[in-house]
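4 protein chains.
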Amino acid sequence: MLGDVTNPTGKSFGSDNHAGVHPAVMAALAAANTGDEVAYGDDDLSRRAEQMLCDASGAAAAFLVFNGTAANVTGLSLMLRPFEAVICAETSHLNVDECGAAERILGSKLLAVPTPDGKLTPDLVASRLGGRGDEHRAQPRVVQLAQLTEVGTCYSLPELHALRDFCRENGLLIYVDGARLANAVAHLGCSIADMAGCVDILSFGGTKNGALGVEAILVMNGNLAATALFQRKQLMQLSSKMRFLSAQIVGLLEDDVWLKNAEQANGMARRLVAAISGLPGVNLAYSMDGNAVFAEMDQELAESLQRDWRFHVWSANGKGRCVVRLMTAFDTTEADVDALAAAMRDGLIHVKQSTA
Amino acid sequence: MLGDVTNPTGKSFGSDNHAGVHPAVMAALAAANTGDEVAYGDDDLSRRAEQMLCDASGAAAAFLVFNGTAANVTGLSLMLRPFEAVICAETSHLNVDECGAAERILGSKLLAVPTPDGKLTPDLVASRLGGRGDEHRAQPRVVQLAQLTEVGTCYSLPELHALRDFCRENGLLIYVDGARLANAVAHLGCSIADMAGCVDILSFGGTKNGALGVEAILVMNGNLAATALFQRKQLMQLSSKMRFLSAQIVGLLEDDVWLKNAEQANGMARRLVAAISGLPGVNLAYSMDGNAVFAEMDQELAESLQRDWRFHVWSANGKGRCVVRLMTAFDTTEADVDALAAAMRDGLIHVKQSTA
Amino acid sequence: MLGDVTNPTGKSFGSDNHAGVHPAVMAALAAANTGDEVAYGDDDLSRRAEQMLCDASGAAAAFLVFNGTAANVTGLSLMLRPFEAVICAETSHLNVDECGAAERILGSKLLAVPTPDGKLTPDLVASRLGGRGDEHRAQPRVVQLAQLTEVGTCYSLPELHALRDFCRENGLLIYVDGARLANAVAHLGCSIADMAGCVDILSFGGTKNGALGVEAILVMNGNLAATALFQRKQLMQLSSKMRFLSAQIVGLLEDDVWLKNAEQANGMARRLVAAISGLPGVNLAYSMDGNAVFAEMDQELAESLQRDWRFHVWSANGKGRCVVRLMTAFDTTEADVDALAAAMRDGLIHVKQSTA
Amino acid sequence: MLGDVTNPTGKSFGSDNHAGVHPAVMAALAAANTGDEVAYGDDDLSRRAEQMLCDASGAAAAFLVFNGTAANVTGLSLMLRPFEAVICAETSHLNVDECGAAERILGSKLLAVPTPDGKLTPDLVASRLGGRGDEHRAQPRVVQLAQLTEVGTCYSLPELHALRDFCRENGLLIYVDGARLANAVAHLGCSIADMAGCVDILSFGGTKNGALGVEAILVMNGNLAATALFQRKQLMQLSSKMRFLSAQIVGLLEDDVWLKNAEQANGMARRLVAAISGLPGVNLAYSMDGNAVFAEMDQELAESLQRDWRFHVWSANGKGRCVVRLMTAFDTTEADVDALAAAMRDGLIHVKQSTA
């Protein structure tokens, strides 16, 4: 072992998916488990969950699905015909990490745009609008954003307003992958409704926020929701015992558990950034706007840390430097962060010695 | 109110989906919720769940998905190219109740065959094999059975052997929708492996058996599993916090909870059949082979009962007679059944009086 | 050889696809082959063909595609989302003879209805409307007719009016597979517009009528045409040298060649029916309403005839009787028909002798 | 009008699709139009066309389809499951000009790679192979090349050999879009078989070479052809009067008409390059390797020329410069080229004067 400081807490920085289920969600599941209930969402608890989601976001309708890929594809299914295309960041989860689900399920082309920081801009969107009206070209119809983006950055409200205005002028709809929407809201200090008001359909991720497994699709304009029940069922996302998806949402929304969870995760990411900000040879690769710290460092240091800590090496430049992703979650503690930071400091010393 | 006997227990006979989560499953979920764990199934609990499923069935591989429609479509995706067709019973869940998911997701045609009792036979399958090798025809490739069928009947092992032999001789694969496989196993007094050995891929339904929401796809021949991880992800069925799907499976398989649950449901269905067997004008519409009682009765009686009891009217003949489906579940009690039977007896008296 | 009468003309009764290209079409192709022309339909000849089609039918727009399967699938693509279903006759070409193209390309379920004569009725359509609004069911949206049907029968205008009225009352659209629309128009003595006015989208088949290979999609309501250019291109049906598809249409529509062709084919089918009407043991299986004669006869006779004549055995009852399909085309002559009829008479004598 | 030289021949340089049908093809169509023939390709002429294609290329099987998009999508359908991806040049016709047909019909993701000259290299392909075996990623399976590329460049045989070796080592198949394969063969001075031997499936384009409308899919390895008849039919590409597609192929292959056509087109492109090579401010944007001349020039010049000549402005830099595409065809003459070159010289003088 290069360093002496190990991982005393066992905490993973690999993903906010590595965290378990928040106690409030477990309690809500238990509370929902009383006797019989109608299936497929025609129950009071499900109506309550939907109402809470609509109240918090200003949405006209809300639909629960099982996971983030399904939220993206089902959400997009409400906006697209197969000859229409989606403009998205090249790094987006939709484009990279969903095994081509959008193409297979929707039949639509993704127009993936390289970005410096995972964020689209009106100019970047405009660059893919050539060929509108030309029958030979897939027709751009939806701009897909992620909030947070896949590299942990967050659109500001002015940035969203600019995109909204551009899209409205150009006959484009906006879909937001909100797998980490809570972290974005906490980062911006706004409300869900502030963000939702800029777009047409967005997902609100429960799973990474502390749920067992549930994502909500929020449809701002009721017209877009007209086919949602059928699309959700046909896309294999209708839960029979729906009350247990709904309970998770209620567990997160009551008492603002979702926001506290996001704030905790974000706070721990800020603490991690502060702790490593002065470390020689360790740099932030992207603006840290939520709960994902992308740190550039020597590959030797990263490998040393991976012996005791779980995290992803995002990319490597082939010349000894790499970018690692360090994710915090609702249950990341100060002790977890401090131990990791100590390990990095310690590792730097040992790496330096070993290469001296 | 026509009858005086109401529903003192509040039990639904509408669906085994109306039941909640079995305590063993809730306990398993709680036990799995300890600290961090790797996502997407690369964890010990998930490996254990898969091993338990393979041990119980003789399967080469097992894959967990979110719901029954997904199990069917993902399972079929391992066997089919889009120009290949599925022979299934016209009444099958796949054909009737999945909003066309198979057609949309797989692109394949369903060749739906009318059956007297929900069950396919070699002769019925043979009736749809015309046109093999003819490029104008979708090519039959998979025979889809349900065990239990949608009308509550159960294939005997000899019936399955006959279908297996026929299919092997004719280059057909067999897929079994096992949303209620546990009830079938309990009914036949065989093992899961006895049944699985007759087919190529089958699902094992957890949800209706007492889980919160999980279904397993059991692949008997490892070659058919080669693409399963990719298909599952692309079909939006990969759970990030997989341990919580796996925990449900472990909770059901440990101590044969699944079998006890099925036996309880089946026993209560038998009790219900016994209780109503002598009632005038009430007849079984199908052989009762598991936990679904299809009873033919006067529509007036059905409507009377529906004031206090939840169940589906399956069909009506337009002349005052109808068939109702009465489902039992793992948590149906003798008191529930006796109360419903009493209500039926009582209802018959009142209906008779009112029409006298 | 059982009979002495062979096939002196070499004419096939196997399909109207066995005929070649009508001289007027060949002339139109040659006339179109003069120098350069813009591709993809933006040329005068293509505009003329579209205008002629719209004038003849009252359509708002017309689109040319390569073959009949493509006309059906592309036409339906203008009316359907994947969770919506098509009600069609079980015997329809769409359901039986297109290798599952509709399911794969559109993702939609076909609700195939058994019919006595290949024709749907309001009652038959109504029988498949259960489950509308139920998210578990594919939602019927289009009623697909064929005119002529696959068994050679023809909807009368009153039958079409009844279907139109029923569909409008029930929120259903009508699509007509008009691969043999010309034969139907000739049979009914109406105009294309009379028929087109009863439906929403129909195809007008050129290929079987004497073209080299072209089918037109006629869209009666312009709103339904909004996406047609994109759908046609994405469905691989946009011809680059479109003028040569258009020329075929012009060749058929000018001087009513299409109608004369259909009348010739129909007249020869009537002549065949007359010639065989008195033959012992030879019966019409379906009403002969165009250019397809379905004759029931002894299998031995059919096999005897097949030595010299090309036609399809449509079905066999397993007890020595079968139904054969005898198709006439624009170039079938009286001599062709008389020779076939003579062969049938002759065959009957020999078959009788051989079995005596 | 800026220039005095107009377009005396009326020849389009807009596309090789603007040309008509070669006389040899028209003659072959007429020769095929003699009496009845079996449909769907089961005729002698079709067998002859397929045999000629296999003989010329070394293919195990050949299949005719209607157009280039269909050739690409049907060809790829023989190699791909929906979770598998296609690596292609960002500028490829498949990616840009087919309205998303591949995504809709195949469900597969296109991994589009920016290239300097429309050509992929082993290194460019390697750059998209990350994530193989990772269930979250669409799995690269096919490398799609175009020969000629969309920007008129041609892979040399050594380049193809390098790609073939790389792909074999990496478990990748190669598909070639050969809409202009004849031009590439003529350019390289090799045989079709020389080129075909480097790849797994390729198309051979008839339409741009002088046909009315036909493309061939050549399958080098017979195993890949096993599903082709069904895929072609389901993808709506089976011609009923197939003999008339086959006749076009025979017309082109007999007496090497295809090669002479390609040589004529290529020669005229070379003549055009020679004529404009010394013009001030006019530069070749890409290597001219067949029949497409991409010339960079002042937008003002391009606009001036477009008054009399038909061609595409491919791109514009927003600062007064643009790239135009000038295509030659089998029927482009020296007079056509010389007239265009004269117009360019003339236009340059006038543009210069007008801006002086």
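In order, the protein sequences belong to chains R, V, X and H.
So for the first sequence, the numbering used here puts the first residue at 13; every next one is plus one.
So for the second sequence, the numbering used here puts the first residue at 13; every next one is plus one.
So for the third sequence, the numbering used here puts the first residue at 13; every next one is plus one.
So for the fourth sequence, the numbering used here puts the first residue at 13; every next one is plus one.
Heads up, the beta-carbon is just placed ideally off N, CA and C, and yes, glycines get one too.
Under the DSSP assignment, Cys179(H) falls in the alpha helix (DSSP H) whose first and last residues are 169-181.
With a cut-off of 8 Å on Cβ pairs, the region 195-208 of chain X is in contact with the region 291-305 of chain X, counting three or more such pairs.
Along the region 136-150 of chain X, going in chain order, the ones with a CB nearer than 7 Å to a CB of chain R are Glu147, His148.
Under the DSSP definition of a beta bridge, Phe216(V) partners with Ala228(V). Contact annotation, Glu102(V) with Pro126(V): C-beta distance approximately 5 Å; criterion of less than 8 Å satisfied.
According to DSSP, Asn295(R) shares a beta bridge with Glu308(R). Counting every other CB atom within 10 Å of its CB across the protein chains shown gives Pro128(V) a total below 16, marking it as exposed. Within chain R, no residue has its beta carbon less than 7 Å from that of Lys331(H); the closest one is some 16 Å off. Here the alpha carbons of Trp270(R) and Ala194(V) stand approximately 38 Å from one another.
Take Val335(H), set aside five residues on each side of it, and the residues of its chain with a beta-carbon closer than 6 Å to its own are Ala297, Phe306, Glu308, Trp326, Ser327, in chain order.
Val108(H) and Ala354(X) have their alpha carbons spaced roughly 60 Å apart.
Here DSSP, grouped into helix, strand and coil, assigns Asp48(H) to coil. Met91(H) places its beta carbon less than 8 Å from that of Asp212(H). Gln151(X) has Glu96(X) as its beta-bridge partners, per DSSP. Taking CB atoms only, Val85(H) has no neighbour in chain R less than 8 Å away. In the DSSP assignment, Phe242(R) falls within the alpha helix (DSSP H) that extends over 240-246. In this structure, Gln260(V) lies away from Thr86(V), with their beta-carbon atoms at least 8 Å apart. For Leu76(H), the uninterrupted beta strand (DSSP E) run begins and ends at 73-77, by DSSP.
When DSSP states are grouped into helix, strand and coil, His324(H) belongs to the strand group. Non-local beta-carbon contacts of Phe178(X) in its own chain, meaning distances under 7 Å to residues more than five positions away in sequence, involve Pro134, Val137 in chain order.
Under the 10 Å beta carbon count, Asn233(R) is surrounded by fewer than 16 other beta carbons and is classified as exposed. Ser289(V) counts as exposed, since fewer than 16 other C-beta atoms from the protein chains shown sit within 10 angstroms of its C-beta. Within the region 227-238 of chain H, no residue has its Cβ closer than 8 Å to any Cβ of chain X.
The Cβ atoms of Gly22(V) and Ala191(V) do not sit closer than 8 Å to each other. Chain X places no beta carbon closer than 8 Å to that of Lys253(R), leaving this residue out of the contacts. Put simply, the region 26-36 of chain H touches the region 215-228 of chain H. At least three CB pairs are less than 8 Å apart. Among the residues facing chain R, Gly80(H) is not included, as its CB has no counterpart in that chain under 8 Å away. When C-beta distances to chain R are compared with 9 Å, the residues of the region 86-104 of chain H below that value are Pro94, Phe95, Glu96, Ala97, in chain order. For a Cβ distance threshold of 7 Å, residue set Glu147, His148 of chain X lies close to Lys245(R), ordered along the chain. In the DSSP annotation of this structure, the continuous segment of the alpha helix (DSSP H) that includes Arg255(V) starts and ends at 255-265. Listed in chain order, the non-local C-beta contacts of Ala36(V) below 8 Å within the same chain comprise Gly222, Gly263, Leu264, Glu266, Asp267, Val269, local neighbours out to five positions each way being set aside.
Put simply, the CB of Phe242(R) is near chain X, with a gap under 8 Å to one of its CB atoms. Taking a Cβ-Cβ threshold of 9 Å, the residues of chain H close to Leu250(V) are Glu147, His148, in chain order. No Cβ of chain V is located within less than 8 Å of the beta carbon of Arg60(R). Against Glu315(X), chain V offers no close residue; the least beta-carbon distance is about 19 Å (beta-carbon pairs closer than 9 Å). In this chain, the beta strand (DSSP E) harbouring Ala124(R) covers 122-125.
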